[in-house]
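Residue numbers (UniProt numbering): 1 to 260.
Where a beta carbon is used, it is the ideal one built from N, C-alpha and C, also for glycine.
Since we're looking at a predicted model, the values are computed, not measured.
Comments concern the structure below.
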Amino acid sequence: VSKELLDIKNTVSFIKAVLLDAEQKQHQNNELREWLKQIKRIFSDAEDVIDDFECEGLRKQVASGSKRKKVRLFLSPSSNPLIYGGRMAHQIKDIKEKFDKVAETRDKFGLQIIDSDNRVVQRRETHSHVNDSDVIGREHDKQKIVKLLLGDGDGDDKSLSVIAIVGIGGMGKTTLAKTVFNDKSVVESFPLKMWVCVSNDFELKNLLVKIINSTPKQNHHENIKNFDMEQLQNHLRNALAGQKFLLVLDDVWNEDRVMW
1 VSKELLDIKN TVSFIKAVLL DAEQKQHQNN ELREWLKQIK RIFSDAEDVI DDFECEGLRK
61 QVASGSKRKK VRLFLSPSSN PLIYGGRMAH QIKDIKEKFD KVAETRDKFG LQIIDSDNRV
121 VQRRETHSHV NDSDVIGREH DKQKIVKLLL GDGDGDDKSL SVIAIVGIGG MGKTTLAKTV
181 FNDKSVVESF PLKMWVCVSN DFELKNLLVK IINSTPKQNH HENIKNFDME QLQNHLRNAL
241 AGQKFLLVLD DVWNEDRVMW
């Protein structure tokens with residue numbers, strides 16, 4: 001299984017490099033757009049299998065220090081070595097066949113391999129507007145996120161919830177976020193909604209300015225760019241005070257937990 005899984009990882013890395021080119025060309029080619037949808041579905045399955053395999057490894061590490069845990073894990077169908085190995089082998093074979101079939105048509109679109117680590121990209125500023133033609137097939141995902149946002153409908157809930165939509169470029173994360181942002185029930189539930197494009201240039205002070213400027217105009221200040229961090233935080237705190245709000249941070253690349 002390990003060798004086959006490595007093959008899947010290598011294939012995923014290769015397809016990722018091609019996807020960068022496909023993402024840029026899809027708007028001029030409807031057939032390419034459909035090809036991307038197929039690839040994304042297979043990607044999702046592949047990532048699930050890879051995650052499952054890695055989680056199984058972690059479970060074994062945790063179980064190694066406890067005989068009781070060892071027994072419980074072995075009795076679990078998903079952790080029985082024979083059952084688990086057979087299931088994984090079947091899933092990997094199925095995914096590889098799907099990848100190979102779809103990858104055969106890559107040359108048809110003239111896609112090039114782009115190294116995402118070495119390229120410099122001028123990223124577009126995103127916005128919250130969404131076209132109906134872009135959201136086909138995302139209703140199920142949208143409803144799951146809307147349900148998480150709205151919770152049990154208790155208007156007295158003052159907790160802060162964070163929902164992350166993650167994935168490789170071209171998977172439709174921004175489009176999905178837009179459909180949630182503009183959903184009728186979400187609009188009715190959040191009196192204040194803010195959409196901020198973060199992008200590669202992550203700087204906390206600039207981000208705070210963007211968030212403040214995405215609130216109603218009465219909260220804006222002509223000299224806001226001259227504010228220090230404490231002034232910005234106080235200004236934003238006053239702008240949000242007593243309000244139920246939804247803040248979408250789109251195109252986030254920075255993964256430094258200290259910064260967040």
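- Here residue 199 is bridged, per DSSP, to 252.
- Burial is judged here by how many other beta carbons sit within 10 angstroms of a residue's own beta carbon; residue 194 has at least 16 and is buried.
- According to the DSSP assignment, residue 237 belongs to the alpha helix (DSSP H) that extends over 229-240.
- For residue 109, no alpha helix (DSSP H) run applies, since DSSP gives it neither H nor E.
- Taking every protein chain shown into account, the CB of residue 214 has 16 or more other CB atoms within 10 angstroms, so this residue is buried.
- Of all C-beta pairs linking the segment 240-255 to the segment 184-191, three or more are shorter than 8 Å, placing the two stretches in contact.
- The beta-carbon separation of residue 7 and residue 147, rounded to 37 Å, does not stay under the 8 Å limit for a contact.
- About 6 Å separates the CB atoms of residue 219 and residue 212; that is less than 8 Å, so the two are in contact.
- Taking C-beta atoms as the reference points, residue 144 and residue 179 fail to come closer than 7 Å.
- The Cβ-Cβ distance between residue 36 and residue 25 does not fall below 7 Å.
- Non-local C-beta neighbours of residue 42 in its own chain, meaning closer than 8 Å and more than five positions away in sequence, comprise 95, 98, 99 and 102, ordered along the chain.
- For the pair residue 177 and residue 204, the Cα-to-Cα distance works out to about 22 Å.
- Beta-bridge partners assigned by DSSP to residue 194: 247.
- Going by DSSP, residue 213 is part of the alpha helix (DSSP H) stretching over 204-213.
- Under the three-state reduction of DSSP output, residue 97 falls in the helix class.
- Less than 7 Å divides the Cβ of residue 253 from the Cβ of residue 200.
- In the DSSP annotation of this structure, the continuous segment of the alpha helix (DSSP H) that includes residue 139 starts and ends at 139-150.
- A Cβ-Cβ distance of about 6 Å is found for the pair residue 198 and residue 251, placing them in contact under the 8 Å criterion.
- Per DSSP, the continuous alpha helix (DSSP H) segment holding residue 186 begins and ends at 184-189.
- Sequence-distant Cβ neighbours of residue 166 in its own chain, meaning closer than 8 Å and more than five residues away, are 173.
- In the three-state DSSP reduction, residue 12 falls in the helix class (H, G or I).
- Exclusion of the five residues before and after residue 105 leaves 35 as the residues of its chain whose Cβ lies within less than 8 Å of its Cβ.
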